[in-house]
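Structure, as structure tokens:
Protein chains in written order, with my numbering: chain A, 982 to 1296; chain B, 39 to 269.
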């Protein structure tokens, strides 16, 4: 039997390194990093985080757009004089209407739109016919009211009818309510997407963890038999899931960045106030940055719970 | 230390593997369990290292009924038991040194002095030149010695060995049983299941013979040790 010799030559450097490694920190008793099942987990988490990042960025942008619509139209009324009556309200008649409206308590400003402004407003939608003057256009008067002490709307309508028969006073509330409903629906859909992504991630991690438990059943049984507590075994799996989740999460987040910038660029090119801008504030970016961390934590907790629940059924 | 009272073991609806076994191993004692293959030796040991609960009867270890133990208590109790498994149960991706250090790592004693203990123990079992070898590169006998070193590294109060000399030559088998005796002298209760009658006769310790799941004979041995207490 070979025994340790007192004057033994020093071990070669690689063996010394291995020995010191073994002295300092034991390699993982459950070799999860060799599992094929875990190899694709980072990629799947990356896809999940990518989708969640897009959904979250979309929800944040739509939320801001809705707020912009809401604040932009709060206190704004539009008096619309039909095209056939518009000619009769030019000049002094328009001045009289403007003064009468401005004199109503609760009205802050009255600004009739001139032909040039109307053309600029409608040209992107209706084309050259507007420039050529071929289309009969209504006259629009923008009325700003005090939201703290709003005017009597019925009295305001009666004044408008009296001075510009056939005119319509629109407070935009019906239109705005529909837009806000749409925005809320988009936000809810985005939240549902994020929740589904989290649920799918949990199911996936639980599945991979169960496969790992089955694949390393003998090692886990051995650890138990030499005194390892369930938490020790669970730690092996949760640390592995945390590492894979973080790697996948970062990959997904990094892939989402160019997509978001591309979407922002395309939306900016359209240049209309109706669409979101996808311009995120720093605190909104921090929410997105938290996604990979959240994905890793979800993976870790799912793995831990799965392992503890499975081990609880073992003797 | 170990007390079995009318213990019955049956897997599912199968036949009784162990039939109303009653036995007691006192602290500091050294016992052999002998019997032919299928007699129930390994099943008896499995219950002693808490891998198996009895179908009926009572098993008590270290004075505690194992049926009432929580999972945490079970784990802590297992740390006081060293087991040499018949199939070694080494982790193939860990070196011999790491396999032996595993119980220390689990109980939070790894590092420092314990690393030296691991090396000394591996050297003692003749594996000084194989400390960083992976189990698949070791012979059956070498694996068995690693398994034995792992079982005794944490100085267990109870050492259970299932055919620990099965893959060893006679010289090494005797040497390892002397190691178990040394451990026994410092208070470790040793229970060895074996079919090697010649080895049993050589060491002359109390012997329990099993046949078809029944304890058919108990031989107290020629020179019983003074006992440190009762179970």
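Heads up, the beta-carbon is just placed ideally off N, CA and C, and yes, glycines get one too.
In this text the structure is predicted, and so the values were computed from the model without any measurement.
Rounded to whole angstroms, the gap between the alpha carbons of residue 1077 of chain A and residue 1059 of chain A is 17 Å. Residue 1262 of chain A carries a coil assignment under DSSP once its states are collapsed to helix, strand and coil.
Under DSSP, residue 63 of chain B takes part in a beta bridge, and its partners are B:40.
Cβ contact annotation for residue 142 of chain B (same chain, cutoff 7 Å, sequence separation greater than five): 148, 152, 191 and 192, in chain order.
When only Cα atoms are considered, residue 207 of chain B and residue 135 of chain B end up about 22 Å apart. For residue 141 of chain B, the C-beta contacts it makes with chain A under 8 Å involve 1207 and 1208, in order along the chain. Contact annotation, residue 1225 of chain A with residue 1280 of chain A: C-beta distance approximately 7 Å; criterion of less than 8 Å satisfied. Residue 1026 of chain A and residue 1239 of chain A have their C-alpha atoms roughly 18 Å apart. Taking the Cα of residue 1075 of chain A as reference, the smallest distance to any Cα among A:1195, A:1123, A:1056 and A:1045 is reached at A:1123.
Taking a contact as a CB-CB distance under 8 Å, the pair residue 227 of chain B and residue 123 of chain B does not count as one, their CB atoms being some 18 Å apart. In this structure, residue 187 of chain B sits away from residue 1007 of chain A, with a CB-CB distance that is not shorter than 8 Å.
Taking residue 1054 of chain A as reference, the option from A:1237, A:1127 and A:1266 with the minimal CA-CA separation is A:1127.
At a cut-off of 8 Å between C-beta atoms, residue 1194 of chain A does not count as an interface residue with respect to chain B. Annotation note: the segment 1163-1251 of chain A contains no uninterrupted beta strand (DSSP E) run of length 3 or greater. With fewer than 16 other beta carbons inside 10 angstroms of its own, residue 74 of chain B counts as exposed. Setting aside the 5 residues that flank it on each side, residue 159 of chain B is surrounded in the same chain by 138, 187, 190 and 191, each with a C-beta closer than 8 Å to its C-beta; the list follows chain order. Secondary structure of residue 1039 of chain A (DSSP, three-state): helix.
Between residue 50 of chain B and the set B:90, B:43 and B:61, the nearest pair of CA atoms involves B:90. In this structure the segment 125-135 of chain B does not lie against the segment 77-86 of chain B, because fewer than three pairs of beta carbons, one per stretch, are closer than 8 Å. Taking all protein chains in view, the Cβ of residue 1198 of chain A is surrounded by fewer than 16 other Cβ atoms within 10 Å, so the residue is classified as exposed. In this structure, B:173 is the residue among B:98, B:156, B:173 and B:144 with its C-alpha nearest to the C-alpha of residue 133 of chain B. Interface criterion not met: the Cβ of residue 258 of chain B is under 8 Å from no Cβ in chain A. Judged by DSSP secondary structure, residue 201 of chain B falls outside any beta strand (DSSP E); it is assigned neither H nor E.
One finds nothing in chain B with a Cβ atom closer than 9 Å to the Cβ of residue 1243 of chain A; even the nearest lies about 45 Å away.
Within the model, the alpha-carbon separation for residue 243 of chain B versus residue 120 of chain B is close to 19 Å.
Contact between residue 1085 of chain A and residue 1137 of chain A holds, since their C-beta atoms are separated by about 6 Å, short of 8 Å. Here residue 79 of chain B is buried: its Cβ has 16 or more other Cβ atoms, across all protein chains shown, within 10 Å.
For residue 114 of chain B and residue 1214 of chain A, the gap between their C-alpha atoms comes out near 14 Å.
Between residue 1044 of chain A and residue 1032 of chain A, the alpha-carbon positions lie close to 18 Å from each other. Excluding sequence positions up to five before and after residue 221 of chain B, its CB lies within less than 7 Å of the CB of 190, 197 and 228, all in the same chain and listed in chain order. Annotation: the continuous alpha helix (DSSP H) that includes residue 138 of chain B extends over 134-144. Scanning its chain for C-beta atoms nearer than 8 Å, with the 5 sequence neighbours on each side dropped, one finds around residue 170 of chain B the residues 133, 134 and 135, in chain order.
Distance from the CA atom of residue 1261 of chain A to the CA atom of residue 1269 of chain A, rounded to whole angstroms, is 10 Å. Neighbours of residue 1200 of chain A across chain B, judged by C-beta separation under 7 Å: 129.
C-alpha of residue 1245 of chain A to C-alpha of residue 1117 of chain A: approximately 37 Å in a straight line. Taking a beta-carbon distance threshold of 8 Å, residue 1031 of chain A does not count as an interface residue toward chain B.
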